[in-house]
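Here my numbering is used: the first residue of the sequence shown is 29, the next is one more, and so on.
Backbone N, C-alpha and C define an ideal beta-carbon position, used for all residues, glycine too.
Source: prediction; values computed, not measured.
First the structure, in the form of structure tokens, and then the observations on it.
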Amino acid sequence: MSEAQLSMEQIDTLLIAAVAAPSMHNTQPWRFEVSGNVIDVFLDGSRALPAEDPTGRAMRIAAGAATFNLRCAAASLSYSSWFGLVPDPARPDLVARVVVEPTDNPDHALKELAQQIPRRHTNREPARPVRVLVEERMALSQAAMADGAELTWLPADKVDEVLRLLIDTDLREIGDWHRRAERSHWVGGERSTDGIPSSVLGPRSAAYPSPVRDLGTRPTDQTRMQATFEAEPTLAILSTVGDSLTDQLTAGLALQHTLLAATRDGLKAAFLNQLLEYDDLRRTVQRITGKPGYAHMVIRFGHSTGQATTPRRPISTFVHTAPSER
Ligand SMILES: Cc1cc2nc3c(=O)[nH]c(=O)nc-3n(C[C@H](O)[C@H](O)[C@H](O)COP(=O)(O)O)c2cc1C
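Written out as structure tokens, the structure is:
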């Protein structure tokens, strides 16, 4: 085995980290090809969400997040990693290539973040009444910026504006059978490999509009416990300057960098991305930030308790290794 040749054990470590990334409805819309020291990241079109993510933006964000995890895991194995985002017209589903090389000097920041990968989970519980400090906000803004995105923290009046927009998404969704049918395919009940189990939906909010997205689809989800959520949620918008396919992958890298840094700092995150699933509301959200660009994630940060986890598919279902290496 050459120095640059990854062992099966190392491939497992890298891919277990990659698939721990967040993805809309936990579709895990990626697959990987490993050849020598090269890992290619592909979108898996069979896991698309045509009603809620018709352009595939959420899939690309997820693939970007998985790529960031790959780089962190490579650093934890004492590899340096070089990567390219490669929207190749000839292979439209190939989105990123990560090349790893052994090094005596792995990236320590990435190595540290690798420890947070299994600890990061979307958390839909109410936040404790503990402020997210300015220093904590700055650290997360820097994490987003390091990978090419911007995190805008919203002041209270802008948070209210965003929460009011949520009413509009609910009204639109009532009449949209396709979105509701798609959601019930992926969310609710017990799940062992993908999708969102009812057990991680968190409580229903006693107030409306709620700072947590209620993804419940089943009659039993509608009657689950209620809780009072924070009256002034801490919201931040993750945006990029452009909205090309590469920008959307970049947003995913920056998202995961931010979420791992948040986990390190004891913060939990959940998302109100229904706002970005409608083009006009997405533009409004970006306008609310007061900056040019394109919003990719509406993130609610907080010091929440509870740690609900979503399942992942077995690694063998994601990966294709060049036959000579099997
Ligand atoms: C692009 C994208 C959009 C998402 N939108 C939402 C959302 O609007 N509300 C929400 O509660 N979770 C949202 N999620 C979180 C996923 O539901 C979550 O990542 C997935 O269920 C896997 O769970 P985990 O993050 O705990 O690993 C989103 C994730 C991604 C990557």
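Taking 8 Å as the line, does the beta carbon of residue i fall inside it for any heavy atom of ligand 1?
| i | result |
| --- | --- |
| F257 | no |
| S238 | no |
| I195 | no |
| A102 | no |
| A177 | no |
| F299 | yes |
| N97 | no |
| M52 | yes |
| I224 | yes |
| Q314 | no |
| A90 | yes |
| A86 | yes |
| G280 | yes |
| L309 | no |
| A93 | yes |
| T251 | no |
| L283 | yes |
| Q302 | yes |
| V228 | yes |
| L263 | no |
| L43 | no |
| T221 | no |
| A323 | no |
| R152 | yes |
| L138 | no |
| L48 | In the sequence on display, residue 48 carries Ala and not Leu. Indeed, a heavy atom of ligand 1 lies less than 8 Å from the Cβ. |
| R207 | no |
| T337 | yes |
| H213 | no |
| H149 | yes |
Assuming contact is defined by CB atoms lying nearer than 9 Å, are residue i and residue j in contact in what I supplied?
| i | j | result |
| --- | --- | --- |
| P237 | R192 | yes |
| L288 | L141 | yes |
| A90 | M52 | yes |
| V128 | L71 | no |
| A171 | L179 | yes |
| A264 | R152 | no |
| L295 | L168 | yes |
| Q144 | T291 | yes |
| G176 | T83 | no |
| P50 | Q284 | yes |
| I67 | V126 | yes |
| A155 | H348 | no |
| R232 | R208 | no |
| V62 | A94 | no |
| L77 | E201 | no |
| T197 | L303 | yes |
| G267 | A323 | The sequence as given places Ser at residue 267; Gly does not occur at that position. In contact: S267 and A323 (Cβ atoms closer than 9 Å). |
| F96 | L281 | yes |
| S45 | C100 | Reading off the sequence shown, one finds Ala at residue 45, where the question assumed Ser. Yes. Within cutoff. |
On the three-state DSSP scale, how would you describe residue i?
| i | result |
| --- | --- |
| S352 | Low local confidence applies: a pLDDT of 49 at S352 is under 50, so the model's placement there is unreliable, and no value is given. |
| Q144 | coil |
| H331 | coil |
| T180 | strand |
| A174 | helix |
| A209 | helix |
| M29 | With a pLDDT of only 48 at M29, under the threshold of 50, the placement of this residue in the model should not be trusted; the figure read from the coordinates follows. Correct three-state label for M29: coil. |
| A101 | helix |
| A323 | strand |
| T337 | coil |
Residue i: beta carbon under 8 Å from a heavy atom of ligand 3?
| i | result |
| --- | --- |
| R241 | Ligands in the displayed structure: ligand 1; ligand 3 is not one of them. |
Checklist entry - Considering only residues of the stretch 217-299, which uninterrupted beta strand (DSSP E) runs meet the minimum length of 3 residues and lie entirely inside it, listed in chain order? => result 262-268 and 296-299
Worksheet entry | Whole alpha helix (DSSP H) elements within the stretch 104-164, 4-residue minimum | 136-142
What residue ranges within the stretch 46-93 form continuous beta strand (DSSP E) runs of no fewer than 3 residues, ordered along the chain?
-> 58-63 and 66-71
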